[in-house]
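Contents: one structure, followed by commentary.
Residue numbers (this note's numbering), protein chains in the order written: chain G, 1 to 265; chain B, 266 to 891.
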């Protein structure tokens, strides 16, 4: 499955004060892969995402995307390069409509400026039409839930699961190559989880996105991942296929704890 | 909701006994009323406004400034919040008693003031503790008469306020219309006088309505009251019908109807100044300047969410640029350009100023940004005033003889072709308010167009995203620094237009016109009018600047100018408590402020979506109304 190397992270570290949030992390993603990042709470998973998307600056190491370093870029530049993300605690533009949410996400793919909008130029109208259409297309990926009469409703009326879906749609609307999904099924019921698992597969097979996903739901991780990376205390403790990782004694220890010496023998 | 007197639905519980009151609440409201009456009296407002007559010789603005309070609080005390599932009682004598008791307590407090005014002298800390106030409160009679007067009047008015809850909706609408018409007609005497001048027969009618000195004649007031009642009873229904016809037509032929409306508004705008007198034109110019400023600030604060408290800086930049470029007596450089050429340079200067001030502050957020912009607003003014810059700006002496814009823009020749634009044979030069009004309307039209176009564009959406959540906007590929700078610069350019027109209108410029108060007034206009909505901002400017007056400009009620800030403050506090979204709110913003009510309503209408069957566990806690 592995194609061209997209993202290559080399000995990445970040410290917040004295805390090593990530320590000497190596990580890579190839084109067309679905990679899951798992680990106990506080292992540094979200910090890892924040670092890739430019919201946190690493203390040392390098993030190379398609041969260029992403270090020093602002989050919007990283998104423009082709890495989009969702947030663990859903952060939509709650008072904008659903359609506007996906339209505004195409900001970095469009370029009409103040004067174009003021003069209502031909390119302005064409671009508006294009991003509206593409926005609807992206929303249509989730069936009829986010389209039709919902397009002009504010995001705040959406149910929890639909907010999560809209977040993914918004990330898709930035026309990325890699999507970083931060706990996409958190808080969903089993039925919704199952459906979204299928959709994550489709994100790759139909839309051609490469996906890096943080997830706690092991069933989802097992069903969609090509590769699983386990973080604990800011370090990679295991990686490989789901089967390999799930039987790794280090991983079991990280999740369940170490047997007490005296007892075990 | 339950706010207005409702025509009784069938399932009301019987009225409660008159004395079955929430006495604690009634006494509290009464004391609040008393405190308010005493406070307003001691600000000197009633006595100061006494000279402004409303109905000669019965009523003056001064008495009105006290008398509306018992009525309003009597109405407020009988308000009952009725929620779904609560028992709603029929309204009756209980409301009257509550209103009257509140009025009585308020009247007693004021009477106490009358008594103390007579017996004690507290004029040392309280400047307005003096004989004129006592004379005003007792209507030049004895203390006993004053006490009787206020206890009686206040109780009656409180009772009247309570009565508003009992009468059917039409009745309270009638009362409101009559009061507003009579007070409005009296307040706008100067304006109406100005308008009717020279118009066929209207002059006679106006002369009959008004007393020769000031205020309405009693007969005139009664005639107006009857006219207002007629409007409510008959014309209101006709207007509603007309509105329905308009809406239907608009649905069927949106383009044609919109075109007709635009043409009608444009025609009115062109014709109106011709019929208006000097005074009204001047007033409208002031309102227009603040509409312009408020529209600009609305882009910065309302759309992009950048709380800029130093907005006056750009107003000053526009004014001083025009002054330096056009005035023949400007101390430093004096190119004496024509206004319309100078305005292009003003745009450039405003852009530079926007970038110069914006660049350092734009990376801050929230309160920090507000404080820093506040500082920059003053820095610009103090720089202009300083010795260092006085060679260019005239320092504290300011600059004089700024020529007005020449509306007769013909007479120039295209350099290469040799074609000369024909010049009209009329003189449209100078600082005549009528001509300036056209200039202001031109810039206001630009500002409205710009606000409207940008709001529904890629840039406008980016601004909204930044306002909603800056870090997420950044992560979604929006360069927030650029977006915010753009908002800053667009706002700066609109403010500089206002400054340019202001300088040309007044003909001189001083740094004292650009004090921090201007920034605050503009912000108050935006907030009171309705942040993020063009119509709201325009309405806010009309209400605040048109009626009460701007920071240095008199409004319709010139008498208020001394108490303007007090009223601004009271209005702002009241709006924040009762209607934080403004007079004419932006739909989005009012949703934001009433998120829970909005979601409840949507839920009741079945619009809030629920996740598919089997997902109750996740949805219920979030969405069910409490």
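For each residue, glycine too, the CB sits at the ideal point set by N, CA and C. As the structure is a computational prediction, the values presented were derived from the model and not from experiment.
First and last residue of the uninterrupted alpha helix (DSSP H) at residue 355 (chain B)
Start at 1 with the first residue of the second chain, and residue 355 (chain B) comes out as number 90. Note, residue 355 (chain B): premise wrong, no alpha helix (DSSP H); not H, not E.
Beta carbons nearer than 9 Å to chain B: which residues of the segment 103-121 of chain G have them?
103, 104, 105, 106, 107, 108, 109, 110, 111, 112, 113, 114, 116, 117, 118, 119, 120
Whole-angstrom distance between residue 100 (chain G) and residue 38 (chain G), CA atom to CA atom
On the first chain, position 38 is the one that residue 38 (chain G) refers to. On the first chain, position 100 is the one that residue 100 (chain G) refers to. Distance between the alpha carbons of residue 38 (chain G) and residue 100 (chain G) is about 33 Å.
Determine the direct distance from the alpha carbon of residue 788 (chain B) to that of residue 891 (chain B), and round the result to whole angstroms.
Here residue 891 (chain B) corresponds to residue number 626 of the second chain, with the count starting at 1. Here residue 788 (chain B) corresponds to residue number 523 of the second chain, with the count starting at 1. Note that residue 891 (chain B) has pLDDT 35, beneath the 50 cutoff, so the model's placement of it is unreliable and no number is given.
Straight-line gap, residue 289 (chain B) to residue 341 (chain B) (C-alpha atoms, nearest Å)
To locate residue 289 (chain B), count along the second chain from 1; it is residue 24. To locate residue 341 (chain B), count along the second chain from 1; it is residue 76. If you take the alpha carbons of residue 289 (chain B) and residue 341 (chain B), they lie about 15 Å apart.
Could you list which residues in chain B have their beta carbon closer than 9 Å to that of residue 74 (chain G), in chain order?
For the purposes of this step, residue 74 (chain G) is identified with residue 74 of the first chain, where counting begins at 1. What residue 74 (chain G) touches in chain B: 739, 744, 745, 746.
For residue 821 (chain B), count the other beta carbons within 10 Å of its own beta carbon; 16 or more makes it buried, fewer makes it exposed. Which is it?
Residue mapping note: residue 821 (chain B) aligns to position 556 of the second chain, counting from 1. Residue 821 (chain B) is buried by the Cβ-count criterion.
Could you have a look at residue 5 (chain G) and say whether DSSP puts it in helix, strand or coil?
On the first chain, residue 5 (chain G) is found 5 positions in, with the first residue counted as 1. Correct three-state label for residue 5 (chain G): strand.
Going residue by residue through the segment 134-198 of chain G, where are the continuous alpha helix (DSSP H) segments of at least 4 residues, counting only ones entirely within it?
Inside the segment 134-198 of chain G, DSSP marks whole alpha helix (DSSP H) runs of 4 or more residues at positions 160-173, from first to last along the chain.
Between residue 492 (chain B) and residue 439 (chain B), what straight-line distance do the alpha-carbon atoms span, to the nearest angstrom?
Along the second chain, one-based indexing puts residue 492 (chain B) at 227. Along the second chain, one-based indexing puts residue 439 (chain B) at 174. Roughly 11 Å between the two C-alpha positions.
Helix, strand or coil for residue 249 (chain G), going by three-state DSSP, please let me know.
Numbered from 1 along the first chain, position 249 holds the residue referred to as residue 249 (chain G). Three-state DSSP puts residue 249 (chain G) in a helix.
Is residue 715 (chain B) close to chain G, meaning its C-beta is less than 8 Å from at least one C-beta of that chain?
As a first step, residue 715 (chain B) is located in the second chain; it is residue number 450 there, counting from the start. Yes - at least one Cβ of chain G is within 8 Å of the one on residue 715 (chain B).
Using a beta-carbon distance below 8 Å, is residue 349 (chain B) in contact with chain G?
Start at 1 with the first residue of the second chain, and residue 349 (chain B) comes out as number 84. For residue 349 (chain B), the answer is no, since every Cβ of chain G falls outside 8 Å of its Cβ.
Straight-line gap, residue 231 (chain G) to residue 568 (chain B) (C-alpha atoms, nearest Å):
As a position in the first chain, residue 231 (chain G) is number 231, starting the count at 1. As a position in the second chain, residue 568 (chain B) is number 303, starting the count at 1. Spanning the two alpha carbons is a distance of roughly 42 Å.
Would you say residue 51 (chain G) and residue 78 (chain G) are within 8 Å of each other, going by their C-beta atoms?
Your numbering for residue 51 (chain G) matches position 51 in the first chain. Your numbering for residue 78 (chain G) matches position 78 in the first chain. Not a contact, by the Cβ cut-off of 8 Å.
Contacts around residue 97 (chain G), its chain only, beta-carbon distance under 8 Å, and the 5 residues preceding and following it disregarded
One-based indexing of the first chain puts residue 97 (chain G) at position 97. Cβ within range, chain order: 151, 152, 153, 154, 155.
Counting pairs of Cβ atoms below 8 Å between the segment 438-454 of chain B and the segment 478-488 of chain B, do you hit three or more?
yes
Just verifying my parser: in three-state terms, what is the DSSP assignment at residue 835 (chain B)?
For the purposes of this step, residue 835 (chain B) is taken as the residue at position 570 of the second chain. Helix at residue 835 (chain B).
Grab the span of the alpha helix (DSSP H) containing residue 235 (chain G) for me, first residue to last.
If you number the first chain from 1, residue 235 (chain G) lands on position 235. Premise fails: residue 235 (chain G) lies in the beta strand (DSSP E), 235-240, not in any alpha helix (DSSP H).
Would you say residue 332 (chain B) and residue 418 (chain B) are within 8 Å of each other, going by their C-beta atoms?
Numbered from 1 along the second chain, position 67 holds the residue referred to as residue 332 (chain B). Numbered from 1 along the second chain, position 153 holds the residue referred to as residue 418 (chain B). Yes, the pair counts as a contact, with Cβ atoms nearer than the cut-off.
The beta strand (DSSP E) that contains residue 65 (chain G), what's its start and end?
Taking the first chain and counting its residues from 1, one reaches residue 65 (chain G) at position 65. Unbroken beta strand (DSSP E) run through residue 65 (chain G): 60-65.
Please list, in chain order, the chain G residues whose beta carbon lies closer than 7 Å to that of residue 727 (chain B).
On the second chain, position 462 is the one that residue 727 (chain B) refers to. Listed along the chain, the chain G residues whose CB falls inside 7 Å of the CB of residue 727 (chain B) are 104, 107.
Sufficient close CB pairs (3 or more, under 8 Å) joining the segment 625-644 of chain B to the segment 734-749 of chain B
With the cut-off at 8 Å, the segment 625-644 of chain B and the segment 734-749 of chain B touch.
Output the distance between the C-alpha atoms of residue 554 (chain B) and residue 698 (chain B), rounded to the nearest integer angstrom.
Here residue 554 (chain B) refers to the residue found at position 289 when the second chain is read from its first residue. Here residue 698 (chain B) refers to the residue found at position 433 when the second chain is read from its first residue. In a straight line, the C-alpha of residue 554 (chain B) is about 12 Å away from that of residue 698 (chain B).
Using a beta-carbon distance cut-off of less than 8 Å, what residues from the segment 754-766 of chain B approach chain G?
755
Alpha carbon to alpha carbon, what distance is there between residue 702 (chain B) and residue 844 (chain B)?
The residue you call residue 844 (chain B) lines up with position 579 of the second chain. The residue you call residue 702 (chain B) lines up with position 437 of the second chain. If I take the Cα positions, the gap works out to 32 Å.
In this structure, does DSSP put residue 81 (chain G) in helix, strand or coil?
Taking the first residue of the first chain as 1, we reach residue 81 (chain G) at position 81. Three-state result, residue 81 (chain G): helix.
Starting from the Cα of residue 867 (chain B), find the closest Cα among G:236, G:216, G:158, G:88 and give me that residue.
Your numbering for residue 867 (chain B) matches position 602 in the second chain. Residue G:158 is the option with its Cα nearest to residue 867 (chain B).
Neighbour flag for residue 1 (chain G) against chain B, beta carbons, 8 Å:
By one-based count along the first chain, residue 1 (chain G) stands at place 1. Confidence in residue 1 (chain G) is poor, its pLDDT being 46 and thus under 50, which makes the residue's placement too unreliable to answer from.
State yes or no: is the beta carbon of residue 58 (chain G) nearer than 8 Å to at least one beta carbon in chain B?
Counted from its first residue, the first chain places residue 58 (chain G) at position 58. So, not an interface residue.
In terms of alpha-carbon separation, which member of B:391, B:427, B:317 lies closest to residue 335 (chain B)?
The residue you call residue 335 (chain B) lines up with position 70 of the second chain. With distances taken between Cα atoms, residue 335 (chain B) lies closest to B:427.
What is the DSSP secondary structure of residue 57 (chain G), counted as helix, strand or coil?
Position 57 of the first chain, counting from 1, holds the residue named residue 57 (chain G). Residue 57 (chain G): coil per DSSP, three-state reduction.
Within 8 Å, strictly: CB atoms of residue 804 (chain B) and residue 836 (chain B)
Taking the second chain and counting its residues from 1, the one referred to as residue 804 (chain B) is at position 539. Taking the second chain and counting its residues from 1, the one referred to as residue 836 (chain B) is at position 571. It is not a contact, given that the beta carbons lie outside the stated cut-off.
If contacts are defined as beta-carbon pairs under 8 Å, then residue 361 (chain B) and residue 307 (chain B) qualify, I think. What distance do you get, rounded to the angstrom?
The residue labelled residue 361 (chain B) in the question sits at position 96 within the second chain. The residue labelled residue 307 (chain B) in the question sits at position 42 within the second chain. Not a contact, Cβ separation roughly 30 Å.
On a CA-only basis, which of G:8, G:225, G:171, G:102 is nearest residue 70 (chain G)? Give me that one, please.
The residue you call residue 70 (chain G) lines up with position 70 of the first chain. Minimum Cα-Cα distance from residue 70 (chain G) among the listed residues G:8, G:225, G:171, G:102 corresponds to G:8.
With a 10 Å radius around its C-beta and 16 neighbouring C-beta atoms as the bar for buried, classify residue 633 (chain B) as buried or exposed.
Position 368 of the second chain, counted from the start, is the residue given in the question as residue 633 (chain B). Label assigned to residue 633 (chain B): exposed.
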